[in-house]
Amino acid sequence: MHKMIKRREINAAVNFGEACHPLLARLYASRGITSLEETELRLEKLLPFHQLLNIDEAVAFLYDALVAQKRFLVVGDFDADGATSTALAVSALRALGAKQVDFLVPNRFTYGYGLTPGIVDEAAKRNPDVIITVDNGISSVDGVARANALGIQVVVTDHHLPGNELPDAAVIVNPNQHNCEFASKNIAGVGVIFYVLTALRASCREKGWFETQSVPEPNMGDF
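Numbers 1096 to 1318, taken from my numbering, label the letters of the sequence shown in order.
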């Protein structure tokens, strides 16, 4: 069997001008991009985070935990999305002034996928006050129940499709929840936690957190 790779057709009418390298211009055009404005990375070009269901509740919860300097434990999946989600959550929380932030990326072959009861028991050895799931958690009904029984609060951030039953977490942020009006249903888990942390940064700014704590305000664009 012979495989043939065909070059994508390019819209010849698209012209990015001298502001864009010819190779990048071709790559953009082959992916349907018609304007350099579509490649902007500035925060104001993002979708409004307030579209996410429960985003206000998540921000209020995380802000209170930040003020109380509670111990955060980020639990992520081991794939590329989970790894970047974990790195982002840990880095941004520390940049926001959280002093006790740890992470756990479990072995799926040992503990299974998501926030399983076994993972919670392993996490509990680190004495967290709050577990934040990234790129998992929407189906972790038993794991969240186990965390609740141990007195550990859970914030679920995920992008996978929910099942018939949602975990009894303190807050769930997932654009694929029912009744969530967030326009991008294909966003990765790292995008979800990015929006949550961007909203948290905005709340910290409004409440004067950075000034009172002498914490340099992070530029979320850097992430």
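Backbone N, C-alpha and C define an ideal beta-carbon position, used for all residues, glycine too.
This structure is a prediction, so every number in the text was calculated from the model and none was measured.
The beta strand (DSSP E) enclosing residue i, as first and last residue numbers
i, result
"Gly1171", "Phe1167 to Gly1171"
"Thr1228", "Val1225 to Val1229"
"Asp1197", "Val1196 to Leu1199"
"Ile1267", "Val1266 to Val1268"
DSSP three-state assignment for residue i, whether helix, strand or coil
i, result
"Thr1211", "coil"
"Ile1233", "coil"
"Gln1164", "coil"
"Thr1252", "strand"
"Met1096", "coil"
"Gly1316", "helix"
"Pro1117", "helix"
"Asp1151", "helix"
"Leu1372", "Coverage of the chain is limited to positions 1096 through 1318, which leaves residue 1372 absent and any answer about it impossible."
"Glu1104", "coil"
"Gly1258", "coil"
"Asp1216", "helix"
"Phe1144", "helix"
"Glu1135", "coil"
For residue i, the nearest candidate out of the options (CA to CA)
i, options, result
"Lys1280", "Leu1161, Ser1298, Gly1303 and His1255", "His1255"
"Asp1197", "Arg1221, Thr1179 and Ala1297", "Arg1221"
"Gly1209", "Ile1226, Lys1194 and Gln1195", "Ile1226"
"Glu1276", "Gln1146, Glu1133, Gly1192 and Ala1160", "Gln1146"
"Ala1163", "Gln1195, Thr1179, Ala1178 and Phe1144", "Gln1195"
"Ile1128", "Glu1104, Phe1144 and Asp1237", "Glu1104"
"Leu1114", "Thr1134, Lys1101, Arg1126 and Asp1159", "Strictly speaking, residue 1114 in this sequence is Ala, with Leu absent from that position. Per the Cα distances, Thr1134."
"Gly1213", "Ala1190, Ala1240, Ala1193 and Leu1191", "Ala1240"
"Val1268", "Asn1259, Gly1246, Glu1260 and Gly1284", "Gly1284"
"Asp1176", "Gly1286, Pro1270 and Pro1313", "Gly1286"
"Gly1112", "Pro1311, His1097 and Ala1124", "Ala1124"
"Glu1217", "Ile1247, Leu1191, Leu1141 and Tyr1158", "Ile1247"
"Arg1296", "Leu1191, Leu1119, Lys1165 and Arg1126", "Leu1191"
"Leu1141", "Met1096, Ala1120 and Ile1282", "Ile1282"
"Ala1193", "Lys1165, Ala1178, Ala1219 and Thr1181", "Lys1165"
"Leu1157", "Gln1272, Asn1259, Arg1189 and Glu1260", "Arg1189"
Host alpha helix (DSSP H) of residue i (start-end)
i, result
"Asp1176", "Ala1175 to Ala1190"
"Phe1345", "Since the first and last residues shown for the chain are 1096 and 1318, residue 1345 lies out of range."
"Gln1308", "Trp1304 to Gln1308"
"Thr1205", "Arg1203 to Tyr1206"
"Ile1128", "First-last for Ile1128: undefined, no H or E at that position."
"Phe1289", "Gly1284 to Glu1301"
Rounded distance between the beta-carbons of residue j and residue i, thought under 8 Å
i, j, result
"Gly1171", "Val1229", "5 Å"
"Pro1223", "Leu1168", "4 Å"
"Ser1309", "Val1154", "At roughly 22 Å, the Cβ-Cβ gap does not stay under 8 Å, so Ser1309 and Val1154 are not in contact."
"Thr1211", "Asp1237", "7 Å"
"Val1200", "Ala1242", "At roughly 17 Å, the Cβ-Cβ gap does not stay under 8 Å, so Val1200 and Ala1242 are not in contact."
### Query
Counting Cβ pairs closer than 8 Å, one from the stretch 1232 to 1244 and one from the stretch 1189 to 1206, do we hit at least three?
Per the Cβ contact rule, the stretch 1232 to 1244 is not in contact with the stretch 1189 to 1206 (fewer than 3 Cβ pairs under 8 Å).
### Message
Assess contact between the stretch 1264 to 1282 and the stretch 1247 to 1254, defined as three or more Cβ pairs (one per stretch) separated by less than 8 Å. Is contact present?
### Response
Segments in contact, yes.
### Query
With contact counted as at least three CB pairs below 8 Å, one residue from each stretch, are the stretch 1138 to 1157 and the stretch 1280 to 1294 in contact?
By the criterion of at least three beta-carbon pairs nearer than 8 Å, the stretch 1138 to 1157 is in contact with the stretch 1280 to 1294.
### Message
Tell me whether the stretch 1173 to 1185 and the stretch 1296 to 1304 touch, counting them as touching only if at least three CB pairs, one residue from each stretch, are closer than 8 Å.
### Response
By the C-beta criterion, the stretch 1173 to 1185 is judged not to be in contact with the stretch 1296 to 1304, since fewer than 3 inter-stretch pairs fall below 8 Å.
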